[in-house]
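> Chains as they are written, first to last, in the numbering used here: chain A, 1 to 237; chain B, 238 to 535.
The beta carbon of each residue, even a glycine, is placed where N, CA and C say it ideally should be.
None of these values were measured; they are calculated from a predicted model.
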């Protein structure tokens, strides 16, 4: 099958075995929410998938081709974009420059310009602040800019690391709404890593619950939400 | 009044050569977090290449062109063959911080020995393309010469070209992004290692121009650019090490400041003056004179 298929992925931080035999798959166009508490290994999982971290064994394939061992800058060219944890924008650059960055690997500047216009349509607030330095943005706006930059590269697979981190509840709701809107509109496959289990599962097709580096449950997102045992043990509500 | 203007103009000339060296140091520091002491050696080697071309062709600007190419190649080579290997093998602990800096010192010695063996230690000169005699106003001859004018104009053109490169082109954006946030740059698809090597090449080319302009005004030996490195480094620190604008402003301030000491206090105090500026800035404003307050963090 195509889409994203992760099979028996193991990752270590030195002597610490961070991820054990992680397996899950995401069909094209689906949104998978990877849920788990702090230190569960969610960020490590995304960093490994996007080439920032080496794996010790296992495979991860996107559209039938291996992703592990490929550099992040090459994965971008294969349509895989990673928005790393913590509003990953470059504060020293302007909003516009941060967006242009998303398409900088392309030879075709006109295509980047077109993508930027689409992103601005999605996040009009960014459009009003194009020439401002990214440093002046609020937390929510920065997260929009980080996601916007990734979208400028026109990814097919988007890896999102905790977009809700440090944001006010109202802003979180906005961000999740937007993610849901554009992923449907663009037909994107999304892996969304979140501590905010409820909000993430609400917009997800499938859920992958991770605890201490192991997958403890996978399945239909709506079923996971309603599983009382899981709710009590891992989802925390 | 005339002396004041002269002092300012001479200071501006000296400062603009410092500015190039200071920029070279800042460019490398921003992209690699290494204070590159070999910058003086790289510039010197490139200037010797320029000297060869100048003495064969007699065309100063052709020599500058060759020096720039040589400087860029040496700069790229240092990053590619030394820094990449070092970062691979010494990538954690104290070694990661110290090794590259020590390596640049070693490299400086290595280049100096190579130049000494190839060209010998005697004074070489590169003939200035314009007169080095001061302008004459009425019956007085000023210390400010056509060469000084040329130096200021050349440096201004280079600064404008660099500003356009960094602010208006995708390469410039890639260079800035890789310097500020290498990980985000990679995730955006920038080949950061290659971009860094280009940064070293630009620094090498800029340093080569500093070497050529310094030599046209002076002479060339394996040690003749050492002072330029010291003052370029001080200017970079005064400007905050991170900022290219700061590097230029720091260099101009230093150039004018040192010329004031030279003209009004005494030759013997110039060197001490440079270090006094460095220490004062480090004590009062360690982030450099261009440092801004931190922006919004929320």
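Quick one: complete alpha helix (DSSP H) runs, 4+ long, within the segment 380 to 421 of chain B?
The segment 380 to 421 of chain B contains these whole alpha helix (DSSP H) runs: 383 to 405 and 407 to 417.
> Below 8 Å, can you find three or more Cβ-Cβ pairs linking the segment 245 to 257 of chain B to the segment 445 to 453 of chain B?
In short, these stretches touch, since the Cβ pair count reaches three.
> Residues in the segment 79 to 108 of chain A with C-beta within 9 Å of chain B's C-beta atoms, listed in sequence order?
Cβ contacts with chain B come from 81, 82, 83, 84, 88, 89, 90, 91, 92, 93, 97, 98, 100, 101, 102, 103, 104, 105 and 106.
> Taking a contact to mean a Cβ-Cβ separation below 9 Å, would you say residue 342 of chain B touches residue 319 of chain B in this structure?
Contact flag unset, no.
> Report yes or no: is there a C-beta of chain A within less than 9 Å of the C-beta of residue 426 of chain B?
True, the Cβ-Cβ gap to chain A drops below 9 Å.
> How about residue 291 of chain B and residue 90 of chain A: are their beta carbons less than 9 Å apart?
Taking 9 Å as the Cβ cut-off, residue 291 of chain B and residue 90 of chain A do not qualify as a contacting pair.
> Only counting the same chain, and skipping five residues up and downstream in sequence, which positions put a Cβ closer than 6 Å to that of residue 489 of chain B?
The answer, listed in chain order, is 252.
> Can you tell me which of A/9, A/113 and A/209 puts its alpha carbon nearest to the alpha carbon of residue 153 of chain A?
Checking every option, the nearest Cα to that of residue 153 of chain A belongs to A/113.
> Just by C-beta distance, which residues in the segment 39 to 69 of chain A are closer than 9 Å to chain B?
The segment 39 to 69 of chain A vs chain B, Cβ under 9 Å: 50, 51 and 52.
> Within the chosen definition, does the segment 154 to 172 of chain A reach the segment 72 to 82 of chain A through at least 3 CB pairs nearer than 8 Å?
Touching, yes.
> Mind checking who residue 10 of chain A pairs with in its DSSP beta bridge?
For residue 10 of chain A, which the question treats as bridged, DSSP gives the partners A/57.
> Please classify residue 50 of chain A as buried or exposed, where buried requires at least 16 other C-beta atoms within 10 Å of its C-beta.
Answer is buried; the Cβ neighbour count reaches 16.
> What's the gap between the Cα of residue 230 of chain A and the Cα of residue 162 of chain A?
In a straight line, the C-alpha of residue 230 of chain A is about 21 Å away from that of residue 162 of chain A.
> Round the Cβ separation of residue 44 of chain A and residue 85 of chain A to the nearest angstrom and send it over; I've been treating them as touching at under 8 Å.
The Cβ separation is near 11 Å, so there is no contact.
> Between residue 124 of chain A and chain B, is there a C-beta pair that is closer than 9 Å?
Cβ-Cβ to chain B under 9 Å: no for residue 124 of chain A.
> Closer than 8 Å to a non-hydrogen atom of the ligand PLP - does that hold for the CB of residue 279 of chain B?
The ligand PLP is not among the ligands present in this structure, which contains no ligands whatsoever.
> Assuming residue 216 of chain A is part of the alpha helix (DSSP H), what are its boundary residues?
Here residue 216 of chain A belongs to no alpha helix (DSSP H); instead the beta strand (DSSP E) covers 214 to 220.
> Please tell me whether residue 502 of chain B and residue 510 of chain B are closer than 9 Å, where the distance is taken between their beta carbons.
Cβ atoms of residue 502 of chain B and residue 510 of chain B: closer than 9 Å.
> Here's a check: name, in chain order, each residue in its chain whose Cβ is nearer than 7 Å to the Cβ of residue 358 of chain B, leaving out the five neighbours to either side.
Closer than 7 Å at Cβ, skipping near neighbours: 458 and 459.
> Would you verify that the beta carbon of residue 169 of chain A is, or is not, closer than 9 Å to some beta carbon of chain B?
It does not; no Cβ of chain B falls within 9 Å.
> How many Å lie between residue 272 of chain B and residue 278 of chain B at the Cα?
C-alpha separation (whole angstroms): 13 Å.
> Closer than 9 Å, CB to CB, is residue 361 of chain B near chain A or not?
Not one chain A Cβ lies under 9 Å of residue 361 of chain B.
> Excluding sequence positions up to five away, which residues of its chain have a Cβ less than 8 Å from the Cβ of residue 435 of chain B?
313, 408 and 412.
> Starting from the Cα of residue 76 of chain A, find the closest Cα among B/428, B/243, B/476 and B/302 and give me that residue.
With distances taken between Cα atoms, residue 76 of chain A lies closest to B/428.
> Using beta-carbon positions only, say whether residue 454 of chain B and residue 462 of chain B come within less than 9 Å of one another.
Contact: no.
> Do residue 268 of chain B and residue 433 of chain B have their C-beta atoms within less than 9 Å of each other?
A contact, by the Cβ cut-off of 9 Å.
> On the DSSP letters alone, give me the boundaries of the beta strand (DSSP E) that residue 238 of chain A sits inside.
There is simply no residue 238 of chain A to check, as chain A begins at 1 and stops at 237 in what is shown.
> Roughly how many whole angstroms lie between the Cα atoms of residue 378 of chain B and residue 126 of chain A?
Cα-Cα distance, rounded: 59 Å.
> Only counting runs of 4 or more residues, tell me where the alpha helix (DSSP H) segments fall wholly within the segment 320 to 351 of chain B, in order along the chain.
If we require 4 residues or more, the alpha helix (DSSP H) runs fully inside the segment 320 to 351 of chain B come out as 321 to 326.
> Once DSSP output is grouped into helix, strand and coil, what is the label at residue 517 of chain B?
Three-state result, residue 517 of chain B: helix.
> Less than 9 Å between CB atoms is the rule here; does residue 71 of chain A satisfy it with respect to chain B?
It does; some Cβ of chain B falls within 9 Å.
> Could you tell me which chain A residues have their CB closer than 8 Å to the CB of residue 410 of chain B, listed as they occur along the chain?
Chain A residues near residue 410 of chain B: 93, 97, 100, 101 and 104.
> According to DSSP, is residue 275 of chain B helix, strand or coil?
Residue 275 of chain B: coil per DSSP, three-state reduction.
> Looking at chain B, which residues of the segment 151 to 178 of chain A have a Cβ within less than 7 Å of any of its Cβ atoms?
Hits within the stretch, in order: 153.
> I'd like to know if residue 429 of chain B contacts chain A, where contact means its C-beta is closer than 9 Å to some C-beta of that chain.
True, the Cβ-Cβ gap to chain A drops below 9 Å.
> On the premise that residue 498 of chain B lies in contact with residue 507 of chain B, defined as a C-beta separation below 8 Å, what is that separation, rounded to the nearest angstrom?
Right, their Cβ atoms sit about 5 Å apart.
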